[in-house]
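Notes follow once the structure below has been shown.
Number of protein chains: 2
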Amino acid sequence: MLADSGTVRPMANGGDGTITLLPVVGLPEIERGVDLMGLIAQCQPLRDGDIVVVTSKVVSKCEGAVVELAGVEPSSFASAWAQHWGKDARVTEVVLHQAARIVRQAHGVLITETHHGFVCANSGVDQSSSGADDRVVVLPDDPDASAQSLRARAGELGADVAVIVSDTFGRPWRNGQTDVAIGIAGMSPMQSYIGRVDPHGHEFRVQELCVADELASAAELVKGNTSRIPAAVVRGRTWERDDTASMRGVIRDASLDLFR
Amino acid sequence: MLADSGTVRPMANGGDGTITLLPVVGLPEIERGVDLMGLIAQCQPLRDGDIVVVTSKVVSKCEGAVVELAGVEPSSFASAWAQHWGKDARVTEVVLHQAARIVRQAHGVLITETHHGFVCANSGVDQSSSGADDRVVVLPDDPDASAQSLRARAGELGADVAVIVSDTFGRPWRNGQTDVAIGIAGMSPMQSYIGRVDPHGHEFRVQELCVADELASAAELVKGNTSRIPAAVVRGRTWERDDTASMRGVIRDASLDLFR
């Protein structure tokens, strides 16, 4: 494999190119203010070079990114939409509050651009697993900062890990959802092939892979949405330390986007 | 984890929920008509329950899904577009020939719906790694059939495996590409949570995960686009045998698609 460009030595991996996906089994229900990375490390001892993928829902719960519906006053816009489609107007109001812009609004579906810049259904607001019917979980306010904080805590515990905060998004053209990254720390979300050549001397047309999204999808395979396994460890994937890592570069500029 | 619905006993996995991603190292350059699964099994001995993910490019080469540009006569439409954006008009003609419909045409980018129904850039036509400048690789004519054929061959060799044919696609809203599935055999591309409840008694809103795409993305992490590792084995993921598996159900019906 060609060496990655970059000034920092890649973290060591297993050596034979094999990657292991480890579910973090045994986490308790996550409450506000808990030491989430400490709990993860107790359930799954971490090693330098691991990539820890954490479902945004538990990050949100830990950070208190939960909205009590009793205190929500729906706008007339939210009420009209909710009534037409049989939704809870208070939840619709939270969805709109989390949105910077509505991208599509049809068939009872609200595709929004969140205040972070992510395009997804319902601004990522989650009505399941919030612990009660009268609360919804919203996305972490700054998922990169959440990932940085979790990475720093792992460092205190003695492990130099990258962290990805993931969520489950739909997408155009294809049925079914997949897990993607919404926050990252320690490693770049992208792997660039710009300027590299294949064995035949062709320069690559595939210029950048979003490895952060691929890692989030890989982790989902061992987490599972119905089981209480909101975190996974990816072991054996080489990455380069990047203390400025952010998902901002993954969000396509609206002026270059053909579908926004 | 809740048991999957279905009548067929899941394939056994490692037992502890861990998944291993194994690169298939040492494959020769793939030529038309080679025993692709035989070569894969030589490089990476297969076990019952493995999921073998193969990059479409080598499947295409094996099947002769390669177009000699010398024999391509560009239409005036292709020529005009190619001249305007500095492309090879013969390649543009192949892209149009592989397309059922143009979804977007802007900034020198052709987003098409392929004759299979996949929406991607340039109908999935690949100008790199075709072995010579005067040839392009197109997607396999029937990637599900390709996967079925590879699965059947693995069976002859003694291993009951699922097979995914993958390709590297871009997507709206997010920079960077990821690997997705374009053909499948042996297992359903989807995992449904419809009707299931979480630990709090909430019915799941996330109804279906496209595990085929997640598996393709996971496999990319050990394949790598610049190295000659066009296949990977996913070991430890439980799946149920489905001899009718197809990617057709993943292609969203155009009438339900908000972005087509």
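Sequences listed follow chains A and B, in order.
So the first sequence is residues 38 to 297, counted in this note's numbering.
So the second sequence is residues 38 to 297, counted in this note's numbering.
We put the beta carbon where it would ideally sit given N, CA and C, even for glycine.
Predicted, not measured: the structure shown is a model, and the values here were computed from it.
{"Check": "Residues that Q214 (chain B) contacts on chain A, provided the C-beta gap is smaller than 9 Å", "Outcome": "V243, Q244, E245, L246, C247"}
{"Check": "Three CB pairs or more closer than 8 Å across the stretch 182 to 189 of chain B and the stretch 136 to 146 of chain B", "Outcome": "no"}
{"Check": "Where T55 (chain B) meets chain A, residues with beta-carbon distance less than 9 Å", "Outcome": "T57, L58, L59, P60, V259"}
{"Check": "Backbone CA spacing between H272 (chain A) and L258 (chain B) [nearest angstrom]", "Outcome": "This sequence places Arg at residue 272 (chain A); His is not what is there. Rounded to the nearest angstrom, the two C-alpha atoms are 11 Å apart."}
{"Check": "9 Å Cβ cut-off: residues of chain A touching G286 (chain B)", "Outcome": "N212, G213"}
{"Check": "Coil, strand or helix - M38 (chain B) by DSSP", "Outcome": "Unreliable positioning characterises M38 (chain B) in this predicted model, as indicated by a pLDDT of 32, which lies under 50. A coordinate reading is not provided."}
{"Check": "V104 (chain B) and V175 (chain B) closer than 8 Å at C-beta", "Outcome": "yes"}
{"Check": "Contact test: D279 (chain B) Cβ vs the ligand ADP heavy atom, cutoff 7 Å", "Outcome": "In terms of ligand content, the structure shown is empty, and the ligand ADP therefore cannot be addressed."}
{"Check": "Limits of the unbroken alpha helix (DSSP H) element including G86 (chain A)", "Outcome": "Premise fails: G86 (chain A) is in no alpha helix (DSSP H) and is neither H nor E."}
{"Check": "Contact between the stretch 193 to 201 of chain B and the stretch 67 to 78 of chain B (3+ Cβ pairs under 8 Å)", "Outcome": "yes"}
{"Check": "Per-residue contacts from L252 (chain A) into chain B (C-beta, under 9 Å)", "Outcome": "S254, A255, L258"}
{"Check": "Rounded C-alpha distance that separates H121 (chain A) from A256 (chain A)", "Outcome": "37 Å"}
{"Check": "Interface partners of L295 (chain A) on chain B, CB under 8 Å", "Outcome": "R141, A143, H144, V146, I148, P209"}
{"Check": "Nearest neighbour of T149 (chain B), chosen from B:Q164, B:L133, B:D163 [CA to CA]", "Outcome": "B:L133"}
{"Check": "Interface flag, V156 (chain A) vs chain B, CB-CB below 8 Å", "Outcome": "yes"}
{"Check": "Beta-carbon proximity of A218 (chain B) to A249 (chain B), cut-off 8 Å", "Outcome": "yes"}
{"Check": "Residue-level contact to chain A via CB, R138 (chain B), 8 Å cutoff", "Outcome": "no"}
{"Check": "DSSP beta-bridge partners of A137 (chain A)", "Outcome": "Per DSSP, none; premise fails for A137 (chain A)."}
{"Check": "D279 (chain B) in three-state terms, based on DSSP", "Outcome": "strand"}
{"Check": "Secondary structure of P180 (chain B), DSSP reduced to three states", "Outcome": "helix"}
{"Check": "For D216 (chain A), three-class secondary structure by DSSP", "Outcome": "strand"}
{"Check": "Cut-off 6 Å between Cβ atoms - residues of its own chain near L246 (chain A), not counting five sequence neighbours on either side", "Outcome": "Q228"}
{"Check": "Per DSSP, cross-strand counterpart(s) of G223 (chain B)", "Outcome": "B:D279"}
{"Check": "Residue range of the alpha helix (DSSP H) that includes G268 (chain A)", "Outcome": "For clarity, residue 268 (chain A) is Ala in the given sequence; the question names Gly instead. A268 (chain A) -> not in any alpha helix (DSSP H); beta strand (DSSP E) instead, spanning 268 to 272."}
{"Check": "Straight-line Cα distance separating R278 (chain A) from A291 (chain B)", "Outcome": "42 Å"}
{"Check": "Spatial distance of F155 (chain A) from S97 (chain A) (CA atoms)", "Outcome": "16 Å"}
{"Check": "Where M227 (chain B) meets chain A, residues with beta-carbon distance less than 9 Å", "Outcome": "N212, G213"}
{"Check": "Contact with chain B by A282 (chain A), beta-carbon distance below 8 Å", "Outcome": "no"}
{"Check": "C-beta neighbour in chain A for R274 (chain B), strict 8 Å", "Outcome": "yes"}
{"Check": "In DSSP terms, what Q228 (chain A) is bridged to", "Outcome": "A:L246"}
{"Check": "Inter-residue CB distance, I288 (chain B) and A199 (chain B) (contact presumed, cutoff 8 Å)", "Outcome": "Going by Cβ atoms, the distance from I288 (chain B) to A199 (chain B) rounds to 19 Å, so no, they are not a contact pair."}
{"Check": "Member of B:A184, B:V162, B:G207 whose CA lies at the smallest distance from the CA of S225 (chain B)", "Outcome": "B:A184"}
{"Check": "Residue interval of the alpha helix (DSSP H) (run including F114 (chain B))", "Outcome": "113 to 122"}
{"Check": "Cα-Cα separation, R285 (chain B) to A222 (chain B)", "Outcome": "12 Å"}
{"Check": "Short CB-CB distance (under 8 Å) between R127 (chain A) and chain B", "Outcome": "no"}
{"Check": "Selected residue, minimal CA-CA separation from A136 (chain B), among B:G123, B:G261, B:A158, B:D125", "Outcome": "B:A158"}
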